[in-house]
């Protein structure tokens, strides 16, 4: 058969500070989907690509063990992908299967080697496919496991969620509310404040017009802080913490975008209040790491009914086609959007 | 019988910044040890008083839930005390018993109400009594439980201990060494560096003449950091941490003494490296707090043989008489001394 076009989102330029219009380029190669050799692996057709703020870290010049390997200039970027299997040499994976791949090159078609870690998804009737890169994928896992494994929420406690209208933050807020916590959450616009109120957040506020520390003094003290921001919000939250409070550091949007580090002046309170401050990323939810791995069955069995019944509110912004990768990343990083950013590449 | 003099160490002045010569005063009252009413409690004769840097926090003007209640001006200060029971109305406590009391007023004699938390000590032959306020008391508990409950040390890992010649630090270093870790430790004088080397520390250095970050780059990366200092040492340690490293924040000597807070510029690495940074004080070792309480039998059964056999090196500076309280506190806070500071008040 004639070769098929294989579009890709290629790493074109290391950004100075913010990602700009030319950071990711659209490139084309071609692939013969009927005849290409699989060498024991899988030919996957991309359905959805997940666009996440932490991808910014992989665009830095330094290849740091801590943040994972970086993107290679001139090659496709990668992240979480949902794909359908076109052909398979691999046992247990059949044509037509839907697979969730944590490190998936952003191309329309990929040959995945036999040892590529992946999970076959069994889409539940009534649940849209894109939910599996959203509330039933990494963001859901992050919220669920971060709360379970570090937050240890107890009914009657108080949580403060920064970026509470965001993809992960909104799930954290709702899961905490369902556990009987008082939920305080902030976002950067009045529209987002309304979204948070509709989700059931007890105290929703705009951190650009209200002082975080003031709100927390009035509505706290807090037992859990879910940190997406770092810097001044971390400082305000530490100040409002109860004894033995837990802080889940799940994002550092200021640092991601290269903002100068804020002087957090009350770190000694980590001692005085015996706080637990712990970094958490979705890696730990999916990958087996001692003391850091979650319970996938518990996650899926808890979240799926909430999604099917519409009891949990989740949002997405769908970009169309792999050509939109650069725009989608800018949207995810600048936080101007509303809902998790995904790219729909194809139907199954 | 004629009243007996009851000397006390009284909180005399809130210190501006450092504790000075007049912060704690020696006062005298009198007590009739044969006839004083016990009201169901205990008459205790003070043997040893433990002098600890964190007592500085209780001299601040603010009474903060986080740091515990503060001292009252004109009243005896308090801390950990070892006492013998003179008379007792309380079941399970008999005259002649040796008791360990976590919140013990610094007086020669105390009437302890029936609900005062205390533990009857059974001194082991061959173990000096003062060990029970040192390696077998709070400092030992702090090192043992902090390592067990937060540090989770594994053979082959690397730990960095600040104030490694100090009371707690030297025990942390030795317990970690016994578990098969590479131990890096620092102190503020060449004499202390020699002490650490004799204890078996692999890399002992003077942080005043060597750059902490440089040493950790060369000898790290590290899996555990035991923080007694805060500020610049915390920043250097975060920079040298491996993925999933643990930081036990057990002291903040700079903050205790009112030093301006240092700008720790790499807090985002808590996220990038998924660090766990947790405050820990001896309260958690002795007091029952969910998820924070230790296993006293395991502690005593592990440490006592090491003490008896001389396999663990522990040091003390003994001040004589309750009149020496102010001097003893200044010594503990300025770190000029060598070994845990205790006051010997009387023999049993």
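Chains as they are written, first to last, in this note's numbering: chain F, 26 to 373; chain U, 26 to 373. Ideal Cβ placement from N, Cα and C applies to all residues, glycine included. Please read all numbers here as calculations on a predicted model, not as lab measurements.
Distance cutoff 7 Å, beta carbons only. Does residue i sit that close to anything in chain F?
i                     : result
residue 286 (chain U) : yes
residue 295 (chain U) : yes
residue 301 (chain U) : yes
residue 277 (chain U) : yes
residue 290 (chain U) : yes
residue 366 (chain U) : no
residue 280 (chain U) : yes
Measuring only between beta-carbons, confirm whether residue i sits less than 7 Å from chain U.
i                     : result
residue 205 (chain F) : no
residue 255 (chain F) : yes
residue 245 (chain F) : no
residue 274 (chain F) : yes
residue 304 (chain F) : yes
residue 44 (chain F)  : no
On the DSSP letters alone, give me the boundaries of the beta strand (DSSP E) that residue i sits inside.
i                     : result
residue 358 (chain U) : No beta strand (DSSP E) contains residue 358 (chain U), which is instead part of the alpha helix (DSSP H) from 350-359.
residue 104 (chain U) : 103-113
residue 345 (chain F) : 341-345
residue 130 (chain U) : 123-130
residue 169 (chain U) : It is not in any beta strand (DSSP E) - residue 169 (chain U) instead sits in the alpha helix (DSSP H) that spans 163-171.
residue 215 (chain F) : Looking at the DSSP string, residue 215 (chain F) is not in any beta strand (DSSP E); the run it does join, the alpha helix (DSSP H), is 215-223.
residue 322 (chain F) : That residue, residue 322 (chain F), is in no beta strand (DSSP E); its alpha helix (DSSP H) goes 321-333.
residue 43 (chain U)  : Run containing residue 43 (chain U): none; DSSP gives neither H nor E here.
residue 73 (chain U)  : 67-76
residue 146 (chain U) : 143-146
residue 189 (chain F) : Residue 189 (chain F) -> no beta strand (DSSP E), and no H or E assigned at all.
residue 134 (chain F) : 134-137
residue 62 (chain F)  : Careful: residue 62 (chain F) lies outside any beta strand (DSSP E) and carries neither H nor E.
residue 36 (chain U)  : 29-36
residue 81 (chain U)  : Premise fails: residue 81 (chain U) is in no beta strand (DSSP E) and is neither H nor E.
I think residue i touches residue j, with their Cβ atoms under 8 Å apart; what is that distance to the nearest whole Å?
i                     : j                     : result
residue 73 (chain F)  : residue 370 (chain F) : 7 Å
residue 354 (chain U) : residue 76 (chain U)  : 6 Å
residue 220 (chain F) : residue 230 (chain F) : Wrong, their Cβ atoms sit about 13 Å apart, outside the cutoff.
residue 294 (chain U) : residue 255 (chain U) : Their Cβ separation, rounded to whole angstroms, is 16 Å, which puts residue 294 (chain U) and residue 255 (chain U) out of contact at 8 Å.
residue 183 (chain F) : residue 202 (chain F) : Not a contact, Cβ separation roughly 11 Å.
residue 178 (chain F) : residue 172 (chain F) : 6 Å
residue 241 (chain F) : residue 185 (chain F) : 6 Å
residue 339 (chain U) : residue 107 (chain U) : Rounded, the Cβ-Cβ distance is 15 Å, inconsistent with contact.
residue 134 (chain U) : residue 209 (chain U) : Residue 134 (chain U) to residue 209 (chain U), Cβ: 46 Å. No contact.
Under a Cβ-count criterion, where at least 16 other Cβ atoms within 10 Å of its own Cβ denotes burial, should residue i be classed as buried or exposed?
i                     : result
residue 153 (chain U) : exposed
residue 358 (chain U) : buried
residue 236 (chain U) : exposed
residue 78 (chain U)  : buried
residue 234 (chain F) : exposed
residue 253 (chain F) : buried
residue 191 (chain F) : buried
residue 43 (chain U)  : exposed
residue 40 (chain U)  : buried
residue 33 (chain F)  : buried
residue 98 (chain F)  : exposed
residue 335 (chain U) : exposed
residue 211 (chain F) : buried
residue 245 (chain U) : buried
residue 71 (chain F)  : buried
residue 285 (chain U) : exposed
residue 248 (chain F) : buried
residue 341 (chain F) : buried
residue 159 (chain F) : buried
residue 162 (chain F) : buried
residue 299 (chain F) : buried
residue 69 (chain F)  : buried
Which first and last residues belong to the alpha helix (DSSP H) in which residue i is found?
i                     : result
residue 200 (chain F) : 192-203
residue 98 (chain U)  : Looking at the DSSP string, residue 98 (chain U) is not in any alpha helix (DSSP H), and its letter there is neither H nor E.
residue 183 (chain F) : Per DSSP, residue 183 (chain F) belongs to no alpha helix (DSSP H); it is in the beta strand (DSSP E), 183-186.
Quick one: does residue i have its CB under 7 Å from some CB of chain A?
i                     : result
residue 169 (chain F) : The structure shown contains no chain A; its protein chains are F and U.
Going along the chain, which unbroken runs of the beta strand (DSSP E) with 3 or more residues stay wholly within the segment 244-298 of chain F?
With a minimum length of 3 residues, the continuous beta strand (DSSP E) runs that stay inside the segment 244-298 of chain F are 247-252 and 266-274.
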